[in-house]
Amino acid sequence: MTPLKYLQGYPAHLLDQVHRLIAERRLGDYLGRRYGGRHEVQSDKALYAYAMALKQEHLRKAPPLDKVLYDNRLDLTHRALGLHTAVSRVQGGKLKAKKEIRVASLFKEAAPEFLQMIVVHELAHLRESEHNKAFYQLCEHMLPGYRQLEFDLRLYLTWRELSPA
Numbered sequence: 465m466t467p468l469k470y471l472q473g474y475p476a477h478l479l480d481q482v483h484r485l486i487a488e489r490r491l492g493d494y495l496g497r498r499y500g501g502r503h504e505v506q507s508d509k510a511l512y513a514y515a516m517a518l519k520q521e522h523l524r525k526a527p528p529l530d531k532v533l534y535d536n537r538l539d540l541t542h543r544a545l546g547l548h549t550a551v552s553r554v555q556g557g558k559l560k561a562k563k564e565i566r567v568a569s570l571f572k573e574a575a576p577e578f579l580q581m582i583v584v585h586e587l588a589h590l591r592e593s594e595h596n597k598a599f600y601q602l603c604e605h606m607l608p609g610y611r612q613l614e615f616d617l618r619l620y621l622t623w624r625e626l627s628p629a
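According to my numbering, the sequence shown is numbered sequentially starting from 465.
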């Protein structure tokens, strides 16, 4: 049986279904039917505008974002699909914190729903730093169906890893 490293912690009955899809070579078909499209957000400038629109819609009072970009250094080996950081610098006599979001470049090729899910995830960290109940409630508020999208993204990552290059 193929180890499902992106799906650890999910119930056994779900993992059995995934194993069955993999064995029958139908995982790609399942994902293609659900998430067949590709988004238009291909540049860092477009990604910044996309993230700012989501932030404006759901998190108006959250700290401002200074930078949002695709990062080709983020990858699955580091177990990071996105990062939120606060870079603090002294400017004059004040300490300024600049908020940044970096999204793994693999999302340039992903379905629009997966890009939205990862951006919502990173934006939620502006308000909740930990992956706790409040964090996931905020994600679900910003993107109804967030939990299913996160599961399907994990399926997508599994499929990418199993597919021949």
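Here a beta-carbon is modelled for each residue, glycine too, at the ideal position from N, C-alpha and C. Just so it is clear, the structure is predicted and the values come from calculations on it, not from any experiment.
Look at residue i and residue j and say whether their C-beta atoms are less than 8 Å apart.
{"i": "residue 617", "j": "residue 563", "result": "no"}
{"i": "residue 495", "j": "residue 620", "result": "yes"}
{"i": "residue 568", "j": "residue 538", "result": "yes"}
{"i": "residue 634", "j": "residue 470", "result": "One cannot answer for residue 634 here, as it falls past the ends of the chain, which runs 465 to 629."}
{"i": "residue 560", "j": "residue 553", "result": "yes"}
So residue i packs on residue j, CB below 8 Å; how close in whole Å?
{"i": "residue 634", "j": "residue 590", "result": "Only positions 465 to 629 of the chain appear in the structure, and residue 634 is not among them; the question remains open."}
{"i": "residue 533", "j": "residue 508", "result": "4 Å"}
{"i": "residue 576", "j": "residue 522", "result": "Not really, about 17 Å apart at Cβ, beyond 8 Å."}
{"i": "residue 587", "j": "residue 515", "result": "7 Å"}
For residue i, which beta-bridge partners are listed by DSSP?
{"i": "residue 533", "result": "566"}
{"i": "residue 558", "result": "555"}
{"i": "residue 546", "result": "567"}
For residue i, which residues of its own chain have a beta-carbon under 6 Å away from its beta-carbon, when the five flanking residues on both sides are left out?
{"i": "residue 491", "result": "485, 623"}
Less than 7 Å between C-beta atoms, sequence neighbours within five positions excluded: which residues of the same chain meet that for residue i?
{"i": "residue 555", "result": "none"}
{"i": "residue 610", "result": "581, 584, 603, 604"}
{"i": "residue 572", "result": "506, 534"}
{"i": "residue 481", "result": "none"}
{"i": "residue 489", "result": "none"}
For residue i, collect the residues of the same chain with a Cβ closer than 8 Å to its Cβ; drop the 5 residues on either side in sequence, then sort them by chain order.
{"i": "residue 501", "result": "575, 576"}
Q) Mind pulling the alpha helix (DSSP H) runs of 4 or more residues that sit fully within the region 568-627? A) Runs found: 576-588, 597-606, 610-626.
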